[in-house]
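Taking it in order: structure first as structure tokens, then the write-up.
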Amino acid sequence: MREILHRAGDIVFTKLDGSNVEAFKQFYTARLKDENQSLYLDYETLEKTIDDDLSNGSVTFMAYKDDRIIGSLKCLDNPADTLKRSGMWNVDLSRLRQYGGLCYMGRYGIDKSYITEPAVNQGLFLLAIMHSVQNDNFFLMTEAVPKQVRTYRRLGFHPVLSGEKPYVWLEVAELCPMINNIIHFAASINDDDRGMRVHELFSDEIRNKIATLSTNKELMNLHHDSLVEYIHEDVAILP
48 MREILHRAGD IVFTKLDGSN VEAFKQFYTA RLKDENQSLY LDYETLEKTI
98 DDDLSNGSVT FMAYKDDRII GSLKCLDNPA DTLKRSGMWN VDLSRLRQYG
148 GLCYMGRYGI DKSYITEPAV NQGLFLLAIM HSVQNDNFFL MTEAVPKQVR
198 TYRRLGFHPV LSGEKPYVWL EVAELCPMIN NIIHFAASIN DDDRGMRVHE
248 LFSDEIRNKI ATLSTNKELM NLHHDSLVEY IHEDVAILP
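In my numbering, the protein residues as written are 48 to 286.
Following this line, the structure appears as structure tokens:
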């Protein structure tokens with residue numbers, strides 16, 4: 048039985064493991080064939096890289112509805128070697144890495160039928176943020192197709208171009224005050240109007256780390272208003 052990390056109404060979130068890897072390959076291959084979600088990946092090596100994910104220390108979060116995968120997001124901690132092989136590592140990321148751990152988000156995909164369903168995006172990205180905080184990674188970064196860059200910028204990410212491939216990074220500390228406020232706001236609420244039990248996402252240990260980061264002025268950049276707006280106005284990550 049899969050370990051359920053989070054529920055949002057009838058959507059459940061879990062992790063990739065040996066029991067669901069074949070279903071995940073089918074889901075993600077289908078997403079890559081969709082022109083609107085095509086990322087810079089070599090389809091021929093996709094199956095091998097998914098198998099490698101089970102042994103390289105990465106974590107892939109998945110969203111399920113009616114026992115069917117509808118979303119995914121991978122987190123890889125301190126991914127310098129991986130990004131160097133793909134040609135994405137450059138002086139900007141080396142400089143960024145000096146200020147704290149780096150978590151790379153990849154293999155992001157949403158089923159076409161749920162692309163505007165806010166609970167899927169919110170659940171996946173909040174689990175990624177939680178994973179980063181838990182592992183003392185202060186920065187999240189991901190590759191983005193060109194049409195996504197403007198949307199990511201509105202969410203607080205900082206776009207950088209590496210060759211012809213745009214990617215974006217986000218300082219986790221920017222999110223911590225917002226997450227901290229949500230935790231306190233939701234602590235006495237059983238469910239919000241979208242069925243998002245936010246306070247149940249975080250263990251006491253992670254809550255304490257978030258609270259600590261929230262008061263660390265050297266790490267904190269307060270330009271997170273657009274992300275708060277995203278949470279409350281149900282703006283989908285993908286256009």
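Note that the Cβ used here is the ideal one computed from N, Cα and C, for glycine as well.
Assigned secondary structure, residue i (DSSP; H/G/I helix, E/B strand, else coil)
i, result
"I157", "strand"
"E176", "Position check: residue 176 holds Ile in this sequence, whereas Glu was assumed. Helix."
"I162", "coil"
"N36", "Nothing in the structure corresponds to residue 36, since the chain is present only between 48 and 286."
"L63", "coil"
"L171", "helix"
"I356", "Nothing can be reported for residue 356, as the shown portion of the chain is limited to 48 through 286."
Residues of its chain near residue i, where Cβ-Cβ distance is below 6 Å and the 5 sequence neighbours each way are ignored
i, result
"V59", "I51 and Y111"
"Y161", "I117 and V167"
Same chain only: Cβ atoms within 8 Å of residue i, ignoring 5 sequence neighbours per side
i, result
"F71", "L63, I97, T107, M109, I116 and S119"
"A175", "F108, L120, C122, C150, M152 and L187"
"T61", "R49, E50, I51, L52, N67, F108, M109 and Y111"
Spatially closest choice to residue i from the options, by CA coordinates
i, options, result
"T76", "Q181, G156, L174 and A175", "G156"
"F74", "R154, M177 and V180", "R154"
"D113", "Y151, C150 and D57", "D57"
"N125", "E164, M188 and T61", "M188"
"S179", "S105, E164 and T61", "S105"
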